[in-house]
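I have placed the structure first, in the form of structure tokens, so that the comments after it can refer back to it.
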Amino acid sequence: MSETAHLQVRDLTYRYDPEAEAAIDGVSFSISRGEFVAVLGHNGSGKSTLAKLLNGLFLPSSGSVTVSGMATSDAGRTWDIRRTAGMVFQNPDNQLVATRVYDDVAFGLENIGVPSGEMPGRIDEALRLTGMLEHADRAPHLLSGGQKQRVAIAGILAMKPEALILDEATAMLDPQGRAEVLDTVLRLNRVQNITVVWITHFMEEAARAQRVLVMDHGRVVMDGGPKEIFSRVDLLRELRLDVPPMTRLAKLLRERGVDARLDVLNVEDMVEEVTRLCPSCLKN
Amino acid sequence: MLRDITLGQYYPVDSPVHRLDPRAKILLAFLYIIGVFLVKDLFMYLPVLLYLAMATWLARLPFPMMAKSLKPMRILIVFTFILNLFFGTGSRELLRLGSIVIWEEGLLNALHFTFRLILLVTGSSILTLTTPPVTLTDGLERLASPLRVIRFPAHEMAMMMTIALRFIPTLTEEADKIMKAQTARGADFETGNLMARARAMIPLLVPLFISAFRRAGDLAMAMEARCYRGGEGRTRLHVLKFSRRDLIAFLSMAGLFIILLLPGILK
Ligand SMILES: Nc1ncnc2c1ncn2[C@@H]1O[C@H](COP(=O)(O)OP(=O)(O)OP(=O)(O)O)[C@@H](O)[C@H]1O
Ligand SMILES: [Mg+2]
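Residue numbers (my numbering), protein chains in the order written: chain A, 1 to 284; chain B, 1 to 267.
Next up, the structure:
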């Protein structure tokens with residue numbers, strides 16, 4: 001196995017029930033160390049199922065998943081895998097265990113048997129990296145949604161993971177909380193070289209990834225850079241997915257006969273494109 | 001109305017009693033209870049009362065607060081007093097009002113019961129006033145952990161209590177929200193007789209239970225993802241250590257026991 005394939009999925013199939021339709025249906029892909037991959041797909045396309053297969057919460061019905069070279073089907077490595085690939089869930093209220101932020105971050109460390117003397121250093125560091133250090137003594141239920149998710153991320157970070165899997169971690173947050181969490185994870189990806197699998201319904205978030213996987217009916221149907229993926233507006237619409245607002249604007253312009261390119265993801269891209277199309281339009 | 005639920009009654013000040021090891025405090029409370037039951041003569045409640053006053057003072061708890069801890073028990077205290085007074089039997093008649101006889105033994109019994117109840121309630125409230133609930137849970141877990149050899153689920157009980165403490169505010173908030181939503185649709189939680197009000201709780205309890213079960217499922221999944229696998233091989237952030245302070249507390253309790261047992265020994 002090459003060192004670059006950090007998360008490796010081969011011919012993966014998963015059924016919730018032997019008679020049921022496969023929730024994951026013959027999926028293969030590999031994610032390199034340090035990559036930031038967004039996963040898109042409409043409701044029920046299998047994103048959450050895939051996430052739970054990636055850290056051994058579910059085991060493959062057939063095929064294989066390897067994390068840093070460890071197969072999730074190897075029962076002896078289950079806990080190493082879960083510590084290597086940490087997971088953040090959708091509902092910020094349902095994943096914190098302790099009555100104090102500091103103690104919650106300690107929860108994972110206690111589980112994997114880190115010596116008591118080593119914990120405070122690791123907890124402080126994790127809280128600092130997520131910008132939650134000043135809230136260390138507060139009760140989780142008094143925090144905002146975005147803060148709760150950052151505590152959840154800190155709880156994983158303290159375990160020194162190599163990958164983070166976030167299953168719609170921003171779905172229940174307000175725009176400010178969403179930005180907080182995404183910025184935190186982008187920073188961890190860049191600074192700590194942590195591999196990120198970012199499952200989302202928000203196209204603007206996916207546009208900031210290095211790579212986008214699109215799922216449909218338990219299969220990966222598109223895999224590429226965000227510009228490449230979002231420029232295929234019609235195919236995405238067939239998959240019941242939207243595109244980022246600026247890409248939609250470009251598409252509308254194109255439909256009205258303007259020769260705009262479709263690989264615009266954000267306002268900056270659009271400014272550039274408009275400047276190219278009509279150099280005098282944006283004088284000031 | 002649901003905001004009134006407070007958890008425990010921790011009184012956050014810094015005092016030597018607050019800083020005692022939770023295991024020591026639990027054991028001391030236990031010994032204190034035994035001590036109260038050792039009293040045979042009424043006047044021997046005096047040293048117990050003095051001990052309690054000293055502990056309250058050392059813990060920097062306001063005395064009115066201690067009195068307040070008796071408030072929920074007042075009916076029970078009055079009731080047991082009356083019951084013992086009128087329904088006891090004995091040999092020495094003290095007072096006769098028509099067909100009702102008050103015996104000396106009855107009066108003594110009633111006084112014993114009342115003193116015991118008051119001393120037990122106020123004494124154990126020192127434990128809960130000076131120890132945060134989570135620390136208390138921690139102490140209980142570690143005291144009970146030797147019982148694991150007889151399969152007593154010490155860790156699981158403590159984990160359950162911690163999770164309950166974590167989720168009570170969340171569920172309270174949710175109950176409040178559901179209540180407001182149902183009120184907006186015309187539900188009435190405040191009026192009617194007991195039956196009507198109990199029935200009105202159904203549209204509150206059903207969604208609350210469903211949501212609690214969903215949360216439990218989510219939480220179990222999240223705990224597993226964070227490598228939780230029971231108490232085996234787990235380390236702890238907070239290390240409990242007995243100190244000189246705990247030793248002194250135990251010695252003071254030993255002192256109380258000597259005073260309480262002395263009359264029996266001298267006889
Ligand atoms: N616990 C379960 N038992 C049986 N079937 C399930 C279970 N969870 C999900 N499924 C089915 O598996 C398929 C994939 O579901 P999954 O939750 O992975 O989708 P998703 O992409 O995460 O959807 P969403 O965007 O709604 O979160 C769906 O058809 C769903 O009905
Ligand atoms: Mg999902």
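Glycine included, each C-beta is placed from N, C-alpha and C at the ideal position.
- At a cut-off of 7 Å, the C-beta of A/Trp198 has no neighbouring C-beta in chain B.
- Relative to the non-hydrogen atoms of ligand 2, the Cβ of A/Lys52 never comes closer than 6 Å to any of them.
- B/Phe167 counts as buried, since at least 16 other C-beta atoms from the protein chains shown sit within 10 angstroms of its C-beta.
- Closer than 7 Å to the CB of B/Ala181 there is not a single CB belonging to chain A.
- A/Gly145 is not a Cβ neighbour of A/Leu164, given a cutoff of 7 Å.
- Think of a sphere of 8 Å around the beta carbon of B/Thr162: the chain A residues whose beta carbon falls inside it are Val97, Ala98, Thr99, in chain order.
- Looking at the backbone, the Cα of B/Ser124 and that of B/Asp14 are separated by about 19 Å.
- Judged by their CB atoms, B/Lys25 and B/Thr131 are nearer to each other than the 7 Å cut-off.
- Among the residues facing chain B, A/Glu162 is not included, as its CB has no counterpart in that chain under 7 Å away.
- Here A/Val67 carries a strand assignment [DSSP, helix/strand/coil].
- Comparing alpha-carbon positions, the option among A/Ala126, A/Tyr16, A/Leu241, A/Asn43 lying closest to A/Asp104 turns out to be A/Ala126.
- When the Cα atoms are used, B/Pro169 and B/Asp218 turn out to be separated by approximately 17 Å.
- Within chain B, the C-beta atoms nearer than 7 Å to that of A/Phe107 come from Arg226, in chain order.
- Look at A/Lys47: its beta carbon is less than 6 Å from one of the heavy atoms in ligand 1.
- Note that the C-beta distance between A/Gln176 and A/Phe36 is not below 7 Å.
- By the CB criterion at 7 Å, A/Arg10 and A/Ser32 fall outside the cutoff.
- What A/Met119 touches in chain B, judged by beta-carbon distance under 7 Å, is Leu237, going in chain order.
- Contact annotation: in the segment 116-142 of chain B, residues whose CB is within less than 9 Å of a CB in chain A are Pro132, Pro133, Val134.
- Of all residues in the segment 212-239 of chain A, none has a C-beta nearer than 9 Å to a C-beta of chain B.
- A check of alpha carbon separations from B/Arg23 across B/Asp138, B/Met159, B/Leu50, B/Gln182 identifies B/Asp138 as the nearest.
- In terms of beta-carbon proximity, A/Ser48 stays away from the interface with chain B, with every pair separated by 7 Å or more.
- Remark: the shortest separation between the CB of A/Gly145 and any heavy atom of ligand 1 does not fall under 6 Å.
- Taking all protein chains in view, the Cβ of A/Cys278 is surrounded by fewer than 16 other Cβ atoms within 10 Å, so the residue is classified as exposed.
- Relative to ligand 1, the nearest heavy atom lies less than 6 Å away from the CB of A/Ala23.
- Cβ contact annotation for B/Gly255 (same chain, cutoff 8 Å, sequence separation greater than five): none.
- Along the length of the segment 72-156 of chain B, whole beta strand (DSSP E) runs at least 3 residues long occupy 93-97, 100-103, reported in chain order.
- Restricting attention to B/Glu104, B/Met54, B/Phe81, the CA atom closest to the CA of B/Met66 is found in B/Met54.
- Residue side-chain check: A/Gly41 places its Cβ nearer than 6 Å to a non-hydrogen atom of ligand 1.
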